[in-house]
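**Q**
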Amino acid sequence: MTKAKTKYIPVPSRAILPERDIARDPVLECVNLGITLGGIKAVDDFNLTIGRTEIAGLIGPNGAGKTTVFNLLTKVYQPTTGTILLNGRDTHGMDTRQVNKAGIARTFQNIRLFKNLSVADNVKVAMNNEMRYNMLSAILRLPNYKREEIAAHRRALKLLSIFDMQNMADVPAGSLPYGAQRRLEIVRALATNPTLLLLDEPAAGMNPSETAELLDSIRKVHEMFQIAIILIEHDMSLVMNICDGICVLNFGQIIAKGTPDEIQNNPAVIEAYLGRKKEG
């Protein structure tokens, strides 16, 4: 299925948003964001606005600072400069758990499942913020604990059914095929009820068939949950086929922002990926 082109509209902050999101406040605003690591500016003057249902790509050569941006958004790193607004709320001073509760969920380059736990238990771990029983209730298996556990298991199965994985609920996560483990990571992220989902190289290590299935999975998640998604990805076919807009990083700085068509034809982007042509 060919992705319909998204019309972008300028907004007062000089950002651009998908036309469908123009009447609603952005889910994310990064203003002059930066961090210095070991005396080097890993990210510098990063400005990005994401619409409430936008699918955005964050691309760039290896070492450009893409994962560092994700680490800033999720407070693995605290910014040296700048501001992050999530749903209009300044995340300054938040830690990773707090920013997750506020609406950001992510997956990682390297799969981080609890491989000895079942598929369902991996999903239920992400629901910890919603559980309303205490340790004593759990130890004594009191009625409120049982009710919460039953409700959590039902919700886990419902989320797994998005990717037809409900029949794998009792299987150890580490025994799943690679592509299924990637999908399980996305399900676990969705279990935290995010308004912004960050996918860090979701197609890494996948064959073309698995990548095509992933593309359909991301579209399905977007349609069902109507949330914003930012993905870091080196598979340009995936990026160009699914993203509304793309932001290109090089040496920690944004060198281009625009639609897929604009990015594919941007000289600065071509140079960053392919290098400058020698003058003959």
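Going by this note's numbering, the sequence shown opens with residue 1427, and the numbers climb by one from there. Ideal Cβ placement from N, Cα and C applies to all residues, glycine included.
1) Could you tell me whether the Cβ of Arg1532 comes closer than 8 Å to any Cβ of chain B?
2) Give the C-beta separation of Tyr1699 and Pro1444 to the nearest angstrom, bearing in mind that I take them to be a contact with Cβ-Cβ under 8 Å.
3) Excluding the 5 residues preceding and the 5 following Val1502 in the sequence, name in chain order all residues of the same chain whose CB lies nearer than 7 Å to its CB.
4) Can you tell me the Cβ-Cβ gap for Leu1616 and Val1597, rounded? I've got them flagged as a contact below 8 Å.
5) DSSP on Arg1478, reduced to helix/strand/coil?
6) My guess is that Met1594 and Ala1578 are in contact by the Cβ rule of under 8 Å, so how many angstroms apart are they, rounded?
7) Checking the sheet assignment: what are the DSSP bridge partners for Phe1472?
8) Taking only runs of the beta strand (DSSP E) that begin and end inside the stretch 1607-1670, which ones reach a length of at least 3 residues, in chain order?
9) Once the 5 residues before and after Thr1462 are set aside, which same chain residues still bring their CB inside 6 Å of it?
10) Taking three-plus beta-carbon pairs below 8 Å as touching, is the stretch 1511-1529 in contact with the stretch 1578-1588?
11) What is the rounded straight-line gap between the Cα of Glu1697 and the Cα of Asn1619?
12) Quick one: give me the first and last residue of the alpha helix (DSSP H) that Arg1523 is part of.
13) Let me check understanding here. Comparing Cα to Cα, which of Gln1607, Val1453, Gly1489, Arg1532 lies closest to Ala1546?
14) Taking only the alpha-carbon atoms, compute the straight-line gap between Lys1584 and Asn1691 and give it to the nearest angstrom.
**A** In this structure, then:
1) No chain B is present in this structure, which holds just one protein chain.
2) Along the sequence shown, read from residue 1 onward, the residue named residue 1699 stands at position 273. Along the sequence shown, read from residue 1 onward, the residue named residue 1444 stands at position 18. In this structure Tyr1699 does not touch Pro1444 by the C-beta definition: roughly 25 Å separates them, more than the 8 Å allowed.
3) What you label residue 1502 is simply residue 76 of the sequence shown in a count that begins at 1. Contacts found: Thr1522.
4) Numbered from 1 along the sequence shown, position 190 holds the residue referred to as residue 1616. Numbered from 1 along the sequence shown, position 171 holds the residue referred to as residue 1597. Between Val1597 and Leu1616 the Cβ distance is about 19 Å, and since that is not below 8 Å, they are no contact.
5) In the sequence shown, residue 1478 corresponds to position 52, counting from 1. Taken through DSSP and simplified to helix, strand or coil, Arg1478 comes out as coil.
6) Numbered from its first residue, the sequence shown carries residue 1594 at position 168. Numbered from its first residue, the sequence shown carries residue 1578 at position 152. Contact between Met1594 and Ala1578 fails: their C-beta atoms lie close to 17 Å from each other, not under 8 Å.
7) Here residue 1472 refers to the residue found at position 46 of the sequence shown. Phe1472 pairs with Leu1459.
8) Whole beta strand (DSSP E) segments, 3+ residues: 1622-1626, 1654-1658.
9) Looking up residue 1462 in the sequence shown gives position 36. The residues are Thr1506.
10) By the Cβ rule, the stretch 1511-1529 does not count as touching the stretch 1578-1588, because fewer than three pairs are nearer than 8 Å.
11) Locating residue 1697 in the sequence shown gives position 271, where the first residue counts as 1. Locating residue 1619 in the sequence shown gives position 193, where the first residue counts as 1. Rounded to the nearest whole angstrom, the CA to CA distance from Glu1697 to Asn1619 is 39 Å.
12) As a first step, residue 1523 is located in the sequence shown; it is residue number 97 there, counting from the start. Where Arg1523 is concerned, the enclosing alpha helix (DSSP H) starts and stops at 1522-1528.
13) Along the sequence shown, read from residue 1 onward, the residue named residue 1546 stands at position 120. It is Gln1607.
14) Position 158 of the sequence shown, counted from the first residue, corresponds to residue 1584. Position 265 of the sequence shown, counted from the first residue, corresponds to residue 1691. Straight across, the Cα-Cα distance linking Lys1584 with Asn1691 is about 42 Å.
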